[in-house]
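Enquirer: Quick one: the structure is below, questions incoming.
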Amino acid sequence: DVVWSGCTQDESRCLESLLNFGCKIVLHRRRDSSSTAALQELGLTTLTLRRKLHMAQCMFRSLSSQAPPYLSRLFSYVSCHHNTRSSFTSQLNLPLVRSSFGQKAFSFAGASLWCSLPTAIRATPNLSLNNYTELCKRFYSNA
Numbered sequence: 623d624v625v626w627s628g629c630t631q632d633e634s635r636c637l638e639s640l641l642n643f644g645c646k647i648v649l650h651r652r653r654d655s656s657s658t659a660a661l662q663e664l665g666l667t668t669l670t671l672r673r674k675l676h677m678a679q680c681m682f683r684s685l686s687s688q689a690p691p692y693l694s695r696l697f698s699y700v701s702c703h704h705n706t707r708s709s710f711t712s713q714l715n716l717p718l719v720r721s722s723f724g725q726k727a728f729s730f731a732g733a734s735l736w737c738s739l740p741t742a743i744r745a746t747p748n749l750s751l752n753n754y755t756e757l758c759k760r761f762y763s764n765a
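For the sequence shown, our numbering gives the first residue as 623, with consecutive numbering after it.
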């Protein structure tokens, strides 16, 4: 799913409608029936949510040294020389990009996704991947 995180909105809508149609076929539902109900019955989430969760998991692994070093080296924390409340928020430096194409790169998209998470999720010490994923699911489903 992380591979598809850089797709356009039109491509994302097309993939989402294919998923919805496939769920209805599997459940032998009519085309005009609810896609949300079909997804829930099969225990699936939307592709958009899945892409966000997979990207968040990749970020968690990268920042906790559970990913290959070449991924971990893509990110650095903001260094603050003043003792302020925001200096303890585990914010990442966003790389400078000059185009929308550059914003789709993992180094930028992952860092911006990480920075969009609440501080309570980012700064929780000794968090396992499963607990982190559950916190992210709750955050994204409430957003």
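Backbone N, C-alpha and C fix where the C-beta goes; we use that ideal spot for every residue, glycine too. Just so you know, these numbers come straight off a predicted model, no measurement behind them.
Which stretch, first to last residue, makes up the alpha helix (DSSP H) that contains Asp654?
Expert: The residue given as residue 654 occupies position 32 in the sequence shown. From DSSP, Asp654 is part of no alpha helix (DSSP H); its letter is neither H nor E.
Enquirer: Quick check: the stretch 714-728 against the stretch 630-642, are at least 3 beta-carbon pairs closer than 8 angstroms?
Expert: Counting Cβ pairs under 8 angstroms, fewer than three are found: no touch.
Enquirer: List the residues that DSSP assigns as beta-bridge partners of Tyr699.
Expert: Translated into the one-based positions of the sequence shown, residue 699 becomes position 77. Answer is Leu714.
Enquirer: Could you pull out every residue in the same chain whose Cβ sits closer than 7 angstroms to the Cβ of Thr781, ignoring the five residues on either side in sequence?
Expert: As shown, the chain starts at 623 and ends at 765. That puts residue 781 outside it, with no answer to give.
Enquirer: Give me, in chain order, the residues of the same chain whose beta-carbon lies closer than 8 angstroms to that of Leu669; leave out the 5 immediate sequence neighbours on both sides.
Expert: Residue numbering aside, residue 669 sits at position 47 when the sequence shown is read from its first letter. Closer than 8 angstroms at Cβ, skipping near neighbours: Asp623, Trp626, Ser634, Leu637, Glu638 and Leu641.
Enquirer: Under 8 angstroms between C-beta atoms, does Pro690 make it to chain D?
Expert: Reference to chain D is not applicable here, since this structure consists of a single protein chain.
Enquirer: Whose CA, out of Leu749, Ser750 and Asn715, lies closest to the CA of Ser734?
Expert: For this step, residue 734 is matched to residue 112 along the sequence shown. Among Leu749, Ser750 and Asn715, the Cα nearest to that of Ser734 is on Asn715.
Enquirer: Tell me, to the nearest whole angstrom, how far the beta carbon of Leu661 is from that of Cys645; I am working on the premise that it is less than 8 angstroms.
Expert: The residue labelled residue 661 in the question sits at position 39 within the sequence shown. The residue labelled residue 645 in the question sits at position 23 within the sequence shown. With a Cβ gap of about 6 angstroms, Leu661 and Cys645 count as contacting.
Enquirer: Assign Ala731 to buried or exposed, taking buried as 16 or more other Cβ atoms, counted over all protein chains shown, within 10 Å of its Cβ.
Expert: Position 109 of the sequence shown, counting from 1, holds the residue named residue 731. Ala731 should be labelled buried.
Enquirer: From Cys737 to Gln713, what does the alpha carbon distance come to, in whole angstroms?
Expert: By 1-based counting over the sequence shown, the position of residue 737 is 115. By 1-based counting over the sequence shown, the position of residue 713 is 91. Cα to Cα, Cys737 sits roughly 6 angstroms from Gln713.
Enquirer: So, helix, strand or coil for Arg826, using DSSP?
Expert: Any answer about residue 826 is impossible in this case: the structure gives the chain only from 623 up to 765.
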